[in-house]
Amino acid sequence: MQSAEIGRHRDILMTPSLLQFDSFTLDTDRLRLVGPDGEVALRRKSFDVIRHLVEHAGRVVSKDDLMQAVWAGVTVSDESLSQCISEIRRAIGDSSQRIVKTVPRRGYVIDVPVVTGGEPAGVATAAADSPAGNTLSVMVAATRPSIAVLPFEPVGGAADADLEGFADGLTEDIITGLSRIKAFWVIASGTMFTYKGNTVDVRAVGRDLDVQYVVSGRLRKAAGRLPLTAQLTEAASGRQVWAAKFDRAGDGWFELQDDLTQCVVASVQVQLIVSEGKAAGRKARSSAAVGDLLAWSWERLYRTTADGLKEAVASAEKALQIDPANGEACRLLAAAMWHQAYRGHIAWDRSAAERVMSFAQRAVLAEDADEYSHWVLSLAHLMAGQHDRAVVSLQSALDINSIFPLAYGTLGTVLAWGGKPEESIANNQQALKINPGDPLNAHRYFGLALAHYLASRYALGVENGALAVQLLPEWWLGLVIYAASLAQAGRLVEARTVAGDLMRVRPDMTVSALESLPFAAASDRDHVAKGLRKAGLPVG
Numbered sequence: 279m280q281s282a283e284i285g286r287h288r289d290i291l292m293t294p295s296l297l298q299f300d301s302f303t304l305d306t307d308r309l310r311l312v313g314p315d316g317e318v319a320l321r322r323k324s325f326d327v328i329r330h331l332v333e334h335a336g337r338v339v340s341k342d343d344l345m346q347a348v349w350a351g352v353t354v355s356d357e358s359l360s361q362c363i364s365e366i367r368r369a370i371g372d373s374s375q376r377i378v379k380t381v382p383r384r385g386y387v388i389d390v391p392v393v394t395g396g397e398p399a400g401v402a403t404a405a406a407d408s409p410a411g412n413t414l415s416v417m418v419a420a421t422r423p424s425i426a427v428l429p430f431e432p433v434g435g436a437a438d439a440d441l442e443g444f445a446d447g448l449t450e451d452i453i454t455g456l457s458r459i460k461a462f463w464v465i466a467s468g469t470m471f472t473y474k475g476n477t478v479d480v481r482a483v484g485r486d487l488d489v490q491y492v493v494s495g496r497l498r499k500a501a502g503r504l505p506l507t508a509q510l511t512e513a514a515s516g517r518q519v520w521a522a523k524f525d526r527a528g529d530g531w532f533e534l535q536d537d538l539t540q541c542v543v544a545s546v547q548v549q550l551i552v553s554e555g556k557a558a559g560r561k562a563r564s565s566a567a568v569g570d571l572l573a574w575s576w577e578r579l580y581r582t583t584a585d586g587l588k589e590a591v592a593s594a595e596k597a598l599q600i601d602p603a604n605g606e607a608c609r610l611l612a613a614a615m616w617h618q619a620y621r622g623h624i625a626w627d628r629s630a631a632e633r634v635m636s637f638a639q640r641a642v643l644a645e646d647a648d649e650y651s652h653w654v655l656s657l658a659h660l661m662a663g664q665h666d667r668a669v670v671s672l673q674s675a676l677d678i679n680s681i682f683p684l685a686y687g688t689l690g691t692v693l694a695w696g697g698k699p700e701e702s703i704a705n706n707q708q709a710l711k712i713n714p715g716d717p718l719n720a721h722r723y724f725g726l727a728l729a730h731y732l733a734s735r736y737a738l739g740v741e742n743g744a745l746a747v748q749l750l751p752e753w754w755l756g757l758v759i760y761a762a763s764l765a766q767a768g769r770l771v772e773a774r775t776v777a778g779d780l781m782r783v784r785p786d787m788t789v790s791a792l793e794s795l796p797f798a799a800a801s802d803r804d805h806v807a808k809g810l811r812k813a814g815l816p817v818g
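Its first residue numbered 279, the sequence shown is counted upward by one per residue in our numbering.
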């Protein structure tokens with residue numbers, strides 16, 4: 279072995295496993311970067327970059343050296359390295375380049391002292407709070423799913439300059455929309471437009487940019503319409519996770535662009551949550567990694583079954599035991615418990631309402647800038663009969679993320695219970711328009727059915743009630759509004775059949791059970807009760 283190679287080999291063997299710089303600790307054994315607030319989420323390539331720089335602290339490391347160390351044998355552009363450096367600086371709060379300094383035309387340097395050994399930052403305090411008393415097991419932040427959005431392809435290409443410009447603008451807007459979702463790490467548009475006009479393999483894109491998922495799409499003009507196909511692909515395997523077609527008509531380019539952007543962003547968000555949950559599921563049952571537990575909990579929540587919701591609660595509870603301050607675990611517990619009560623799997627009572635409110639408030643305290651925190655708080659307010667407060671929470675969620683179909687749909691539900699059917703209908707329709715494939719859309723159709731029923735449009739109540747029951751055949755509330763709508767529409771034979779299905783699902787169900795539901799006005803409760811009596815439900 280050559281002497282230089284021997285020296286390099288010795289450096290690798292002697293590199294300490296814990297390297298401390300500023301208020302951060304790099305754990306090279308467990309591949310973690312830990313700061314005062316716990317583990318810092320980084321993509322693997324970004325971690326490799328900061329690791330190489332810290333291991334050579336005080337020395338300027340050239341771009342070529344970094345590229346060889348991190349992307350050995352793979353040809354990538356300088357932009358890939360720049361993306362990693364930018365991510366590192368954002369993650370450690372180094373916008374002033376005090377820690378990771380750029381040396382013009384030479385490279386980068388860690389410009390703070392580095393010491394070896396010791397405990398990772400923040401572990402002692404967290405371990406003291408952990409029931410298990412573990413150290414490294416409490417470092418819980420999961421790496422965010424990483425996404426690249428390829429330029430959408432206009433069918434007709436440069437021959438149609440308007441369509442090409444529309445496709446470019448749509449791509450930019452989708453990247454911007456996904457970037458606003460803090461759970462995701464999204465490659466910047468400048469990098470992605472280098473792929474424009476080229477035939478690419480998504481697996482190569484994944485390797486080049488170190489991303490887990492790739493979004494792509496095509497659009498064309500067709501008789502005054504703009505059909506768009508979009509898909510989400512797992513980069514490593516090339517497996518298609520999701521695909522959909524959106525067909526919109528209209529003369530306003532900007533309105534169409536906004537509409538299609540909302541549809542793609544909202545759909546990708548939900549599909550990523552489900553995909554990440556499935557991937558984490560195998561590990562979550564035996565793992566103490568909070569990221570896996572929470573991803574699995576989200577996937578179980580979207581399953582919308584009694585067992586799924588029960589597993590969502592159990593997984594989130596386990597995560598919260600490991601990390602008592604975790605805002606996402608609190609959000610999941612509030613959401614899963616609320617859905618258990620709304621679906622009839624646990625009692626919709628004061629005790630459940632207090633538990634949901636407690637976790638929702640903890641979620642907002644932990645992560646006030648997260649739209650899901652305000653969404654679960656709105657659920658808690660609805661459960662407590664606080665309709666106006668629920669609306670305020672949902673408006674806060676939409677202020678954070680205007681492309682958030684859950685907030686629009688829940689707002690529609692709240693407004694229906696609150697006796698404002700027309701506003702309810704508009705918001706439920708917006709939610710369905712943005713994300714027609716959402717697994718929770720049975721709630722949207724229930725909200726529409728309830729709103730139309732309260733407005734005495736019973737035929738539309740029947741239509742939407744049927745859709746809710748079709749998606750969730752065992753959901754008692756869907757059966758309630760469907761039976762009442764059928765009865766008020768004069769379809770008594772069908773109404774009694776649905777009432778029988780309701781009694782099978784909930785043998786204790788009577789008209790008086792409506793007393794526990796969050797109607798803002800007693801007259802609306804009486805209105806629904808009248809329909810159920812016509813359908814033959816016991817009064818109780």
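The beta carbon of each residue, even a glycine, is placed where N, CA and C say it ideally should be.
So, is the C-beta of residue 342 closer than 9 Å to a C-beta in chain C?
Note that chain C does not occur in the displayed structure, where there is just one protein chain.
Spell out the partners DSSP gives residue 305 in its beta bridges.
296, 310
Taking all protein chains shown into account, decide if residue 564 is buried (16 or more other Cβ within 10 angstroms of its Cβ) or exposed.
Because the pLDDT of residue 564 is 45, which lies under 50, any placement of that residue in the model is unreliable, and the question is left without a value.
Residue closest to residue 685, alpha-carbon to alpha-carbon, out of 651, 813, 519
Nearest option by C-alpha distance: 651.
In the DSSP assignment, what residue or residues form a beta bridge with residue 491?
425, 512
Continuous beta strand (DSSP E) stretch holding residue 525: start and end:
518 to 527
Opening and closing residue of the beta strand (DSSP E) in which residue 388 lies:
385 to 388
Roughly how many angstroms separate the alpha carbons of residue 296 and residue 393, rounded to a whole number?
Their backbone Cα atoms lie some 8 Å apart in a straight line.
Taking 7 Å as the limit between beta carbons, can you name the residues of its chain near residue 407, skipping five residues before and five after?
The pLDDT assigned to residue 407 is 36, lower than 50, so where the model puts this residue is not dependable; a value taken from the coordinates is nonetheless given after this. The residues are 602.
Is the beta carbon of residue 794 less than 9 Å from the beta carbon of residue 817?
no
Assigned secondary structure, residue 500 (DSSP; H/G/I helix, E/B strand, else coil)
strand
Neighbour-count burial assignment, residue 482, 16 or more Cβ in a 10 Å radius:
exposed
Does the distance from the C-beta atom of residue 697 to that of residue 725 stay below 9 Å?
no
Between which residues of its own chain and residue 546 is the CB-CB distance below 7 Å, once the five residues before and five after are set aside?
Counting only Cβ-Cβ distances below 7 Å, and skipping sequence neighbours, we find 456, 493, 510.
Same chain, Cβ closer than 6 Å to residue 260, five either side skipped, listed in chain order
A question about residue 260 goes unanswered here, because the residues of the chain that appear run from 279 up to 818.
Straight-line CA distance for residue 330 to residue 486?
19 Å
May I ask you to report which of helix, strand or coil DSSP gives residue 317?
Looking at residue 317 - three-state DSSP - the assignment turns out to be strand.
Buried versus exposed call for residue 478 [16 or more other C-beta atoms within 10 Å across all chains shown]
Counting the other Cβ atoms within 10 Å of the Cβ of residue 478 gives fewer than 16, which makes it exposed.
What residues match up with residue 379 in a beta bridge as DSSP calls it?
Looking at the DSSP output, residue 379 bridges to 387.
Beta-carbon within less than 6 Å of residue 335's beta-carbon, same chain only, minus the 5 sequence neighbours each way: which residues are those?
For residue 335, the CB contacts under 6 Å within the same chain, skipping 5 residues up- and downstream, are 388, 392 in chain order.
Based on the DSSP output, what are the partners of residue 431 in its beta bridges?
496
Would you mind giving the Cβ-Cβ distance between residue 572 and residue 597, rounded to the nearest angstrom? I have them listed as a contact below 8 Å.
5 Å
Check the C-beta distance from residue 505 over to residue 525 and give it rounded, since I have them as a contact under 8 Å.
Residue 505 to residue 525, Cβ: 5 Å. Contact.
Cα-Cα, which of 459, 430, 458 is closest to residue 447?
430
Considering only the beta carbon of each residue, do residue 472 and residue 357 sit closer than 9 Å?
Taking 9 Å as the cut-off, the beta carbon of residue 472 is found closer than this to the beta carbon of residue 357.
Would you check if the distance between the CB atom of residue 621 and the CB atom of residue 590 is smaller than 9 Å?
Against a cut-off of 9 Å, the Cβ pair of residue 590 and residue 621 comes out as no contact.
Collapsed DSSP secondary structure at residue 507 in the structure displayed
strand
Going by other Cβ atoms of all chains shown within 10 Å of its Cβ, with 16 needed for buried, is residue 533 buried or exposed?
So residue 533 counts as exposed.
At a threshold of 8 Å, does residue 601 count as lining the ligand FAD (C-beta to nearest heavy atom)?
Of ligands this structure carries none, so the ligand FAD is not represented either.
Which residue marks the beginning of the alpha helix (DSSP H) containing residue 599, and which one marks its end?
584 to 600
Looking at C-beta atoms only, is the number of pairs between the segment 662 to 675 and the segment 775 to 786 that lie closer than 8 Å three or more?
The answer is no - the segment 775 to 786 does not touch the segment 662 to 675, with fewer than three Cβ pairs under 8 Å.
Exposed or buried, what is residue 891 when buried is set at 16 or more other beta-carbons lying within 10 Å of its beta-carbon?
Residue coverage of the chain in this structure runs from 279 to 818, which leaves residue 891 outside it and unanswerable.
Do you know whose CA, among 784, 582, 632, 804, lies nearest residue 661's CA?
632
If you draw a straight line from the alpha carbon of residue 432 to that of residue 476, how long is it in whole angstroms?
Roughly 13 Å between the two C-alpha positions.
Neighbour-count burial assignment, residue 424, 16 or more Cβ in a 10 Å radius:
buried
Taking the CB atoms as reference points, tell me whether residue 587 and residue 538 lie closer together than 9 Å.
No. Outside cutoff.
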